[in-house]
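2 protein chains.
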Amino acid sequence: MTAAATALLELALRPQRRMLRQGEAVFRTGEPFTCLHIIHSGFFKLLHFGASGRQQLIGLHFKGDWLGFDGIARGDHGCDAVAMDTGEVWSVRYDHLLQVCVERPQVMTLLHTEMSREMAREREAVLSVCTLSTDARVAHFLRRWVDALEQRGLRTDSITLKLTRAEIGDYLGMTVESVSRALSRLARARLIEFAHKGRREVGIPDPAALSAFVHASSAPGPTLLQ
Amino acid sequence: MTAAATALLELALRPQRRMLRQGEAVFRTGEPFTCLHIIHSGFFKLLHFGASGRQQLIGLHFKGDWLGFDGIARGDHGCDAVAMDTGEVWSVRYDHLLQVCVERPQVMTLLHTEMSREMAREREAVLSVCTLSTDARVAHFLRRWVDALEQRGLRTDSITLKLTRAEIGDYLGMTVESVSRALSRLARARLIEFAHKGRREVGIPDPAALSAFVHASSAPGPTLLQ
DNA sequence: CGTATATTTGATATACATCAAAACGCGTGG
DNA sequence: CCACGCGTTTTGATGTATATCAAATATACG
């Protein structure tokens, strides 16, 4: 979302601001849907709880993203939205939002645009899972993370994964070990670098090279990393 | 969508009706976005064209579904929407739709609900691809097809797949051979039956059993089919 | 009827999961 | 500060589901 869009929202909607700390939820599975939420700062994850009790990471969201669209049709939420660090969301009652949409069509088109964008992102994610190898999936994941930071004007030379390998794994449909191995291979290929302290910090010396690798992997050809 | 919703749309939007025959496109990748389309009858598929030229099936849509949401944010279409048999779509210029939304908030909420529903479906598809075995994915695919027919009041005892095995395969992220084998195994387990003529007709003697199989597969446990 | 295309089935290869264990980091309490 | 325990990450050995390769059969279509 642009700065102008943000200003419009603040002015037109008078959203309720809410700070959340690491682990706190914006909403939880099964809660009745009343509000949409716009991320003002921080990182948020979406968790789905399967019949088998297994929890699974199904989405990552950053500043500017909206949360809660899934509730509109169902009337309640189909997943948890949890803060990955300290962050702030702006919450708007959906019934109020509808009123404002009528008064200010700009707000309506903004809402549609955000929903549409979200759908496109989701689609890209499906394609990635369906078509890419584990290495390429992890590379793609990192590339998208860098993109997200870039778009928001944050540093991208070194990024801090706010997820465990296990979470990355079930987001990408693979095991902890496969994630770890993929990262090791990417590091060996100099596509990423582990910072000196801890292996949760990942340096991306050349984002373009990472993109190139993802693309090369989607085309048929020889295996590239070992 | 309910019948009431359909009537509302027809009355409020005066959509342009358009018949399409097998293979004709509602819109194509790259075309500028101007309209949203509501399927009045027939079956439609969404095709994505990758960098490698490879085309991939990324969505299936039926009566009542809307087409074209992806264009709102981008300004053009990111995929082709193609008729799988003879069908009719009702097309509405997006700019006109916005006007009507302001005049009749009911239409606006209807639009939001459809977008939200579409997002939920997409999410379910991702989870399916990420977590299920090939057999279960195919079973799940069939089950969803039956659901779609059921919701629209059509016969579900025997369904006609309007897709080649190859298309089913790349929709589900697997190869032709795996689809074929999965279908054979499901048939051997009596979860499906091939009709006497041609193997494009599939009988579903017991939809509930199919669902049960999908659920059983998502839980950890012994392999079930051979 | 004959050719092209779709489907099935079999044999083999391989990417990834699973199982197992070691190394590392991190907080807690002595 | 160090020792201990616990969770995370890495790495290795092995198993298996699915892709790949190849060929036979079935179906559609001119």
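First to last, the sequence lines map onto chains A and B. Here the first sequence stands for residues 162 to 387, where the numbers follow our numbering. Here the second sequence stands for residues 162 to 387, where the numbers follow our numbering. Glycine is no exception: its CB is placed at the ideal position from the N, C-alpha and C atoms.
Residue i: first and last residue of the uninterrupted beta strand (DSSP E) it sits in
| i | result |
| --- | --- |
| residue 249 of chain B | 248-254 |
| residue 216 of chain A | 216-222 |
| residue 318 of chain A | Per DSSP, residue 318 of chain A belongs to no beta strand (DSSP E) and is neither H nor E. |
Opening and closing residue of the alpha helix (DSSP H) in which residue i lies
| i | result |
| --- | --- |
| residue 362 of chain B | First-last for residue 362 of chain B: 362-364, but that is the beta strand (DSSP E), not the alpha helix (DSSP H). |
| residue 233 of chain A | 231-235 |
| residue 325 of chain A | Taken as a continuous stretch (DSSP letters only), residue 325 of chain A belongs to no alpha helix (DSSP H), as it is neither H nor E. |
| residue 167 of chain B | 164-174 |
DSSP state of residue i mapped onto helix, strand, coil
| i | result |
| --- | --- |
| residue 196 of chain B | strand |
| residue 180 of chain A | strand |
| residue 367 of chain A | coil |
| residue 353 of chain A | coil |
| residue 344 of chain B | helix |
| residue 212 of chain B | coil |
| residue 228 of chain B | strand |
| residue 310 of chain B | helix |
| residue 204 of chain A | coil |
Own chain residues within Cβ distance below 6 Å of residue i, not counting five before or after
| i | result |
| --- | --- |
| residue 231 of chain A | 239 |
| residue 209 of chain B | 217, 219 and 240 |
| residue 180 of chain B | 249 |
| residue 225 of chain B | 162 |
| residue 317 of chain A | 307, 310 and 311 |
| residue 335 of chain B | 295 |
| residue 221 of chain A | 206 |
| residue 199 of chain B | 227 and 251 |
| residue 343 of chain B | 295, 296 and 299 |
| residue 182 of chain B | 247 |
| residue 229 of chain B | 197 and 198 |
| residue 177 of chain B | 252 |
For residue j and residue i, the rounded distance between their alpha carbons
| i | j | result |
| --- | --- | --- |
| residue 242 of chain A | residue 192 of chain A | 11 Å |
| residue 207 of chain A | residue 284 of chain B | 11 Å |
| residue 365 of chain B | residue 349 of chain B | 13 Å |
| residue 258 of chain A | residue 295 of chain A | 41 Å |
| residue 212 of chain A | residue 289 of chain B | 13 Å |
| residue 175 of chain A | residue 269 of chain A | 15 Å |
| residue 305 of chain A | residue 357 of chain B | 49 Å |
| residue 327 of chain B | residue 215 of chain A | 32 Å |
| residue 266 of chain A | residue 339 of chain B | 49 Å |
| residue 313 of chain B | residue 362 of chain B | 19 Å |
| residue 370 of chain A | residue 377 of chain A | 10 Å |
| residue 291 of chain A | residue 189 of chain B | 22 Å |
| residue 165 of chain A | residue 286 of chain A | 28 Å |
| residue 360 of chain B | residue 279 of chain B | 30 Å |
| residue 319 of chain A | residue 302 of chain A | 15 Å |
| residue 372 of chain B | residue 274 of chain A | 35 Å |
| residue 347 of chain B | residue 329 of chain B | 15 Å |
| residue 321 of chain B | residue 300 of chain B | 15 Å |
| residue 298 of chain B | residue 281 of chain B | 18 Å |
| residue 332 of chain B | residue 351 of chain A | 34 Å |
| residue 375 of chain B | residue 367 of chain B | 13 Å |
| residue 272 of chain A | residue 379 of chain B | 35 Å |
| residue 234 of chain B | residue 276 of chain A | 8 Å |
| residue 167 of chain B | residue 168 of chain A | 36 Å |
| residue 256 of chain A | residue 263 of chain A | 11 Å |
| residue 202 of chain B | residue 236 of chain B | 26 Å |
| residue 354 of chain B | residue 223 of chain B | 23 Å |
Own chain residues within Cβ distance below 7 Å of residue i, not counting five before or after
| i | result |
| --- | --- |
| residue 323 of chain B | 204, 245 and 246 |
| residue 173 of chain B | 261, 265 and 268 |
| residue 254 of chain A | 195 and 196 |
| residue 337 of chain B | 326, 327 and 330 |
| residue 341 of chain B | 326 |
Close Cβ partners of residue i (< 8 Å) along its chain, the five nearest in sequence each way excluded
| i | result |
| --- | --- |
| residue 185 of chain B | 243 and 244 |
What runs of the beta strand (DSSP E), each 3 residues or longer, lie entirely inside the segment 246-308 of chain B?
248-254
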